[in-house]
Amino acid sequence: MKEKINCETARNFSVEKALEKLGHFPNRTTEKEAWFLSPFRSETQASFKVSRTKNRWYDHGEGIGGNVIDLVCKILKCSIKEALDFLSDSIPINIMEQRYQWDTTAIDIIPCTDIKIIKFQDIMHPALIQYLNSRGISLMVANTYCKEVWYRFKETQFFAIGLRNSKNGWELRNRLFKNSSSPKSSTYIQNNSKQLVVLEGMFDLLSLAMLDENLLKTSDILVLNSIAFIKEAEKYFETYDFVHLYLDNDSAGENATRYLTETYRNVIDQSDTYINHKDLNDLISHEKGR
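Here it is as structure tokens:
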């Protein structure tokens, strides 16, 4: 555990390194700039700029920017003190990341030049179970759809809750990281049903399983893993009697819902289920906090 640092010292910490530590890597770089997909929302074109000369960041999508402390506070939704702890590595290692030496040789399950999947198993790690609990998800439900995935990026090993997609890539989530291995795609689960449930992300799936497990057991399921895959998802719609949409109550989700309900007669908007909440997980998190 390293010594804690003050704000003046922390501001000199590389914004790029902080983003890498949080699981975000640049789409393109120049001598003076690095461009990322925004860590604050789903997007397909990088709009988040890091100035390498000034060590500052700017999100063109939201029109905001700042230093590395501002960035960590916004991504982790934490206090300045907690951001300083993160930057000084003083968060307990079992919460942030684990680095282990394995006797077995890493298996290249997924073809990816940056992320190498080491192994996956039932979710057992206390930090992941604690994270699931904080999101209102039971371990039994999580293990029904997800795995505990260990992976390596550059010479560092990490673990996360993983949802496998239809091209054998993984969506990877833990308390601090939001990442994915390539190839990135949606997750299609078939239960020989005449109705399809469409969800935006991993925690939407797990949240709906907590709310209505029987619905998922009697439906085919499509988890987009990114709202950008909504057009690709349309190829499934005509084969079902009913398509139930559970997209986020934000501008991207609402626009996609409007387009799909106007285009297909069999599409049903279910966002009223979590009205006044951003998504299904926001709903159950608030109910858990009551």
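Residue numbers for the sequence shown follow the UniProt record's numbering, beginning at 1 and rising by one.
We put the beta carbon where it would ideally sit given N, CA and C, even for glycine.
1. Within the same chain, show all residues whose beta-carbon is closer than 6 angstroms to that of residue 39, passing over the 5 residues directly before and after it, in chain order.
2. For residue 164 and residue 189, what's the separation of their Cα atoms in angstroms?
3. So with Cβ pairs under 9 angstroms, would you call residue 263 a contact of chain D?
4. Where does residue 137 sit, in a helix, a strand or coil, going by DSSP?
5. Note down the Cα distance separating residue 204 from residue 228, rounded to an integer number of angstroms.
6. Under the rule that 16 or more other beta-carbon atoms within 10 Å means buried, what is residue 200, buried or exposed?
7. Return the residue from the list 265, 128, 27 and 34 that minimises the CA-CA distance to residue 149.
8. Could you compute how far the alpha carbon of residue 293 sits from the alpha carbon of residue 197?
9. Do residue 186 and residue 225 come within 9 angstroms of each other at the CB atom, strictly closer than that value?
10. Closer than 8 angstroms by C-beta to residue 146: which residues in its own chain qualify, once you throw out the five before and the five after it? Chain order, please.
11. Which runs of the alpha helix (DSSP H) fall wholly inside the region 241-279 and span at least 4 residues, in chain order?
12. Is the beta carbon of residue 144 less than 9 angstroms from the beta carbon of residue 209?
13. So, under 8 angstroms CB-CB, residue 270 and residue 244 are touching, yes? Tell me the CB distance rounded to an integer number of Å.
14. Helix, strand or coil for residue 22 per DSSP?
15. Counting along the chain, where does the alpha helix (DSSP H) carrying residue 228 start and finish?
16. Determine the direct distance from the alpha carbon of residue 84 to that of residue 95, and round the result to whole angstroms.
17. Over the uninterrupted beta strand (DSSP E) stretch that includes residue 147, give me the two end residues.
18. When burial is assigned at 16 or more other CB atoms within 10 Å of the CB, is residue 9 buried or exposed?
19. From the DSSP output, which residues share a beta bridge with residue 65?
20. Rounding to the nearest angstrom, what Cα-Cα distance links residue 130 and residue 237 in this structure?
21. Sort out for me which residues DSSP pairs residue 88 with in a bridge.
22. Would you call the CB atoms of residue 50 and residue 72 closer than 9 angstroms?
23. Taking the beta carbon of residue 63 as the centre, do at least 16 other beta carbons fall within 10 Å, making it buried, or is it exposed?
24. CB-CB under 7 angstroms to residue 248, same chain, minus the five flanking residues each way: which ones, in chain order?
25. Thinking residue 52 and residue 32 are a contact (beta carbons under 8 angstroms), I'd like their distance in whole angstroms, please.
26. Between 44, 246, 70 and 264, which has its C-alpha nearest residue 61's C-alpha?
27. Per DSSP, what kind of secondary structure is residue 97 in: helix, strand or coil?
28. Which of helix, strand or coil does DSSP assign to residue 9?
Put simply:
1. 24 and 75
2. 10 angstroms
3. The chain labelled as chain D is not found in the depicted structure, where only one protein chain is given.
4. coil
5. 16 angstroms
6. buried
7. 128
8. What is shown of the chain runs 1 to 290, which leaves residue 293 out entirely.
9. yes
10. 123, 161, 162, 163, 202 and 206
11. 251-263
12. yes
13. 5 angstroms
14. coil
15. Here residue 228 belongs to no alpha helix (DSSP H), and DSSP marks it neither H nor E.
16. With a pLDDT of 27 at residue 95, under the threshold of 50, the modelled position of this residue cannot be trusted; read the value that follows with caution. Using only the alpha carbons, I get a separation of about 16 angstroms.
17. 147-153
18. exposed
19. 58
20. 37 angstroms
21. Answer is none; residue 88 lacks a bridge partner.
22. no
23. exposed
24. 200, 278 and 279
25. 6 angstroms
26. 44
27. Residue placement at residue 97 is flagged as unreliable, the pLDDT there being 33, under the threshold of 50; a coordinate-derived value is accordingly withheld.
28. helix
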